[in-house]
Every structure is written in C-alpha cells, then in structure tokens.
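Some notes on the structure that comes next.
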Amino acid sequence: MNREIMTFDNVGLAYRRSLNPFSEKNWVLKDISFQLYRGEVLGVIGRNGAGKSTLLRLLAGIIAPNQGSISKERGIRSQLLTLNLGFIHKLSGFDNAIMSLVTQGKTIKEAHELVAGVIDFSGIGHLMDHSVSTYSAGERARLGFAIAMQATPDILLLDEMLGVGDKEFKVKSGKALKERVQSDQTAVLVSHSPTTIRKFCERVLWIEEGAVKALGPADTVLDEYEETAPTRGNSPSKTTTATAA
Amino acid sequence: MRKYLDLIWLRGIGALKADTKQSYLGMLWWVLEPLLMAALFYLAFASGVRGEGQSGSNFVYFLLTGLFPFKWTASALTGGSNSLINSKGILGQTYLPKWIFPSVANLTALIRFSFVFPLMLLLVIIGGYEPSTGWLTIVNVILCQILFNLSVSFLLAASVPLIPDLTHLVPLVIMAMMFTSGIFFDISERPDEIQAILRLNPFVTILEGYRDVLLHGRTASFSALAYPVIASITAFAAGIALLVRFDRYYPRALP
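For the record, the sequence lines run as chains A and B. In case it helps, full-length UniProt numbering puts the first sequence at residues 1 to 245. In case it helps, full-length UniProt numbering puts the second sequence at residues 1 to 255.
The structure is reproduced here in structure tokens:
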C-alpha cells in the first residue's frame with residue numbers, strides 16, 4: 001500500500017448547545033482515527049447525523065477539531081467538490097466562473113486559461129454573458145459542476161457521487177466524476193448508499209454516532225453495515241437538483 | 001499570497017459591478033448619494049442650529065471635507081464588520097484565510113471614495129480655496145485613513161462572529177462617530193475638557209488633517225498623524241491575532 005497522505009489521530013469535535021460558554025458540549029465526532037493513503041478512494045458510510053459532513057469539513061481543513069490531531073504532508077491541498085462557490089448572482093456566468101476558479105486557488109491568469117474548458121464542459125456557452133440570476137437551477141448546476149471539475153486538489157472530497165442537471169448532463173457529469181475518481185486521484189467519498197461505495201472504494205470507514213464503527217476492506221465493512229441497516233436507500237438526498245449516479 | 005490578492009481584487013470588483021446593476025443610475029449613485037446627504041445636512045445645520053458666527057458659505061466646505069471622508073470610513077466599517085457573516089456560504093465549503101473578506105469590503109469602499117475624492121477637491125476649488133503644493137500632503141491623510149479603515153474593519157470582522165450581539169452595536173458606534181468626530185462643528189472651538197475627550201477618537205485627527213490641508217493651507221505631516229496611526233496599528237494587531245486564532249473556528253460560529 002502507498003504512503004499515507006493524511007492521518008486522523010483521536011479526533012473529536014464538539015458544538016456548544018447555545019452561545020453560553022458554560023453550556024454543555026455536543027460531541028458530533030469522538031475519537032476518530034484513520035489514515036488516508038495516496039491514490040486510494042476511501043469510502044465513508046454512516047446514517048444521517050452520524051457525523052459524515054463534519055468529517056468532510058475537517059478533511060477539507062475548513063474547521064479544526066476540538067481534540068486530537070490531523071496531520072497531512074506539507075503542501076497537500078484537499079478540497080470539497082461543490083456546485084456553488086460564492087456566486088454573485090447579479091454578475092455574468094463568465095465573471096462568476098473566473099471568480100470561482102480564483103476562489104479554488106487559481107491565479108487570475110490561470111483562471112482565464114481554464115475558463116474555455118469550463119464553458120465547453122458546461123454546454124451553456126451561449127449564456128456566459130447573461131447574469132447568473134437569470135439561469136435556471138439546472139443551468140446554474142451545470143456551470144457550478146464545470147467549474148468544480150477544473151479544480152485539481154491532491155485530495156478530492158465528495159459528498160455523494162453526483163451527476164447534476166438534466167438527463168443528458170447528468171450522464172456527462174456522472175461519467176466525468178467517475179473517470180476522475182477511478183484515476184490515481186486520492187479521494188474520500190461520503191455516501192449512505194453501500195452500492196455507490198462498493199463501486200468506487202477499496203476501503204471503507206463506517207462511522208456511527210460520531211465514532212468509528214469499522215474500518216477495513218469495502219466488502220467486509222459493507223456486508224456488516226447492510227446487515228444492521230435493512231432500510232438503506234431511504235434517506236432523502238441532500239441536494240434537490242442531484243441524484244446518485 | 002498572490003492568489004489571495006487576486007481573489008480580493010476579483011471579489012471587490014465583482015461586488016461593485018453587481019452593485020451598479022442594482023439600480024438604473026448605477027455608478028452615478030456613488031457620488032450622488034454623498035452629495036444629497038451633504039445637501040441635506042447643509043439644510044439642516046447651516047440654516048438653523050449654526051447660522052451665527054461663521055458665514056454659511058464657509059460651512060459648506062467644512063461640512064463636505066468632513067462628511068465625504070466619513071462616508072468612506074462608515075462604508076468600510078459596515079462592510080467589514082459583516083464580511084465574514086456575509087461570506088458564510090463560501091467559508092462553509094472551502095478553506096480561505098479570513099482576512100480576505102474585510103479586505104474586500106475595504107477595497108470596494110476605497111474604489112468608491114476614489115470617485116468621491118476628486119469631486120470633493122473640485123467643489124473646494126470652486127469654493128475659492130487655492131490649490132498649492134501643500135495639498136500633496138493630503139496623500140498622508142488618505143494613507144492614514146486607509147490604515148484606520150482596514151484596521152478597525154479587521155477587528156470588527158474578527159469580533160462580530162464571536163460576539164453576535166455586536167451586530168446591534170456597530171451601527172450605533174458608527175452613528176456616534178458621525179456626531180462626535182467634528183463633521184458638523186469645529187472641535188477646536190469647544191471647551192478644553194470636551195476637546196480632550198473628543199480627541200480620544202483617532203478619527204478626529206484624520207478629519208482635521210483634511211481641513212488643515214484643504215481649507216487652512218497647512219500641511220499634514222506624519223508626526224501630526226501619529227496618534228491615529230498608532231491606534232490603527234494596535235487595532236490591526238488585535239484584529240489579525242483574532243482572525244488567525246479563530247481561523248478554523250469561524251465557519252462553525254457563523255449563523
């Protein structure tokens with residue numbers, strides 16, 4: 001197996017129940033330890049409220065844990081795939097594309113070189129001069145996805161394996177995402193669908209009530225998960241414009 | 001670093017562009033709004049409360065050189081104090097250093113003032129104040145005010161998400177600044193003990209800098225601006241310290 005690229009060591013994260021600094025803490029995650037290896041796709045499975053989204057935000061470096069430590073190799077960038085990185089709706093699709101690319105860590109110059117790829121992939125070139133406020137939800141998702149695909153993080157973080165937009169674009173975007181994940185990209189895929197995880201991941205981390213329930217080869221962990229979760233697949237999807245690929 | 005500056009630039013310009021698309025008159029409002037406000041205050045103050053002593057015509061220029069710079073600071077501080085809260089969408093989805101956001105608010109306020117400032121100079125010249133080489137020292141005052149705006153907005157941006165109650169207080173503090181910074185009256189004409197209290201506000205020195213140079217034919221040296229500079233650097237240090245300390249806590253604190 002390859003070298004580890006990121007390590008979680010007894011990580012815990014708590015929220016206060018109210019603004020009062022003496023109010024009780026709610027531990028969303030407690031004592032999470034695991035390694036992420038270079039080039040692998042790690043699946044994270046768990047029920048609603050298990051702490052999956054919080055775990056992703058920790059992996060993305062957006063928030064820091066209350067206890068334990070997260071270490072990663074120097075200069076490693078992890079990024080959440082997201083469809084809307086601060087669009088200003090009054091501005092044109094083109095302006096927003098440039099701005100989002102720079103928000104993802106490109107320079108203005110690089111963004112101008114990459115924007116052709118965005119326009120091409122999104123398939124809405126004719127709308128790039130229009131303000132984003134006039135876009136339909138599907139067109140906005142197309143633009144957002146096309147921008148997100150230009151990001152080149154060392155660790156790609158995915159909240160569900162999603163294709164977006166109308167039928168045609170859903171196939172196209174789902175395919176692009178699959179290709180990306182199946183390349184030598186290091187990725188973490190969070191899902192509550194064992195089928196999706198089985199398809200893409202070699203190793204799976206199962207979290208339940210904020211703690212690691214199991215960590216190991218996908219088949220072993222998922223079989224165990226499915227035995228305890230006969231109602232899988234009934235949880236509502238988080239984004240209305242998206243469905244599992 | 002380079003890409004963060006690129007981001008500040010793009011988001012600043014983007015916010016201004018979006019702002020001009022919100023109304024029919026667009027950019028014109030950047031100068032129209034302070035002009036109308038000045039006219040309003042002139043009507044309110046020059047006609048009644050303070051007609052005596054100073055002639056009304058001088059008061060216009062006294063008012064303009066106080067009100068226009070104040071409007072700049074007010075918009076920088078208002079924008080800065082809400083900057084993290086207004087960016088919670090981005091901050092929840094990707095990591096960015098938090099100082100970027102108050103900086104964007106300051107950039108947009110600065111660009112808007114760069115349209116208002118020539119207008120202010122023009123009005124003062126039309127009013128019969130002769131430009132001289134001494135006027136070049138206005139640059140010192142402007143630099144000092146940029147530092148002041150940036151520093152106080154950093155401190156506000158850092159504090160407001162941690163103590164949400166401040167959102168109620170910030171507009172009041174800005175209004176208090178408007179009434180105590182000597183925009184409508186000359187602080188040096190007040191009793192000594194009142195002056196001593198009012199001059200604790202570093203912004204008073206900045207406004208006096210504008211009047212000294214443009215209306216009184218004096219120059220603004222760095223030493224005269226020492227107090228606001230030191231106060232700003234203190235606020236800057238406190239603001240940066242908080243922004244760095246709570247860098248990865250803010251996304252959790254934002255409502």
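Built from N, CA and C at the ideal position, the CB exists for glycine as well.
Problem set entry | Interface residues of chain B facing Ala60(A) [CB-CB closer than 9 Å] | Chain B residues near Ala60(A): Gln93, Thr94 and Tyr95.
Problem set entry | Spatial neighbours of Asn234(A) in its chain, beta-carbon cut-off 8 Å, leaving aside the 5 residues before and after | Low confidence applies to Asn234(A): its pLDDT is 47, below 50, so where it sits in the model is not reliable, and the reading given next is rough at best. For Asn234(A), where only same-chain residues beyond five positions count, there are no Cβ hits under 8 Å.
Problem set entry | Nearest residue (CA-CA) to Ala141(A), options Asp129(A), Ile124(A) and Asn20(A) | Ile124(A)
Exercise. If you draw a straight line from the alpha carbon of Arg248(B) to that of Leu58(A), how long is it in whole angstroms?
Worked result: 9 Å
For this session: Taking Gln79(A) as the query, report the chain B residues whose CB atoms sit under 8 Å from its CB, ordered along the chain.
Result: Correct list: Thr94.
For this session: Using a Cβ cut-off of 9 Å, pull out every chain A residue sitting near Tyr249(B), in sequence order please.
Result: By Cβ distance, chain A contributes Ile63 and Ala64.
Problem set entry | N-terminal and C-terminal residue of the alpha helix (DSSP H) that Glu33(B) is part of | Leu28 to Ala44
For this session: Establish whether the CB of Ile85(B) and some CB of chain A are separated by less than 8 Å.
Result: no
For this session: Using 10 angstroms around the beta-carbon of Leu189(A), count the other beta-carbons present and answer buried if the total reaches 16, otherwise exposed.
Result: buried
Exercise. Nearest-angstrom Cα distance between Glu209(A) and Asn48(A)?
Worked result: 9 Å
Exercise. Counting contacts by CB-CB distance shorter than 8 Å, is residue 329(A) in contact with chain B?
Worked result: No answer is possible for residue 329(A): the residues shown for chain A start at 1 and end at 245.
For this session: Determine which residues of the segment 96-117 of chain A have a Cβ less than 9 Å from any Cβ of chain B, and write them out in chain order.
Result: Cβ proximity to chain B below 9 Å picks out Asn96, Ile98, Met99, Val102, Thr103, Gln104, Gly105, Lys106, Thr107, Ile108, Lys109, Glu110 and Ala111 from the segment 96-117 of chain A.
For this session: Return the residues of the segment 145-171 of chain B that lie within a Cβ-Cβ distance of less than 8 Å from chain A, sorted by chain order.
Result: Sequence-ordered contacts of the segment 145-171 of chain B with chain A read Pro164 [C-beta pairs closer than 8 Å].
Exercise. Under three-state DSSP, which class holds Gln195(B)?
Worked result: Annotated three-state conformation of Gln195(B) is helix, per DSSP.
For this session: Using a Cβ-Cβ cut-off of 8 Å, state whether Lys90(A) counts as contacting chain B.
Result: yes
Exercise. With burial defined as no fewer than 16 other Cβ atoms inside 10 Å of the residue's Cβ, what is the status of Glu24(A): buried or exposed?
Worked result: exposed
For this session: With a 10 Å radius around its C-beta and 16 neighbouring C-beta atoms as the bar for buried, classify Leu148(B) as buried or exposed.
Result: The sequence given here has Phe at residue 148(B), not Leu. Looking at its Cβ environment, which holds 16 or more other Cβ atoms inside 10 Å, Phe148(B) is buried.
Exercise. Tell me which same chain residues have a C-beta within less than 7 Å of the C-beta of Gly79(B), skipping the five on either side of it?
Worked result: Ala105, Thr108 and Ala109
Problem set entry | Coarse secondary structure for Asn26(A), derived from DSSP in three states | strand
Problem set entry | Cβ-based burial, Phe222(B) [other Cβ within 10 Å; buried from 16] | exposed
Exercise. Can you tell me where the beta strand (DSSP E) with Gly163(A) in it begins and where it stops?
Worked result: Leu162 to Val164
Problem set entry | Boundaries of the beta strand (DSSP E) in which Thr137(B) is found, first to last residue | Unbroken run through Thr137(B): none, as it is neither H nor E.
Exercise. Rounded to whole angstroms, how far is the Cβ of Ile5(A) from the Cβ of Thr186(A), which I believe are closer than 8 Å?
Worked result: 6 Å between Cβ atoms; contact.
Exercise. By how many angstroms is the C-alpha of Phe70(B) removed from the C-alpha of Thr94(B)?
Worked result: Within the model, the alpha-carbon separation for Thr94(B) versus Phe70(B) is close to 35 Å.
Exercise. How would you label Ala176(B), buried or exposed, when you count the other beta carbons within 10 angstroms and need 16 or more for buried?
Worked result: exposed
For this session: Specify the secondary structure class of Ile183(B) as computed by DSSP and reduced to three states.
Result: coil
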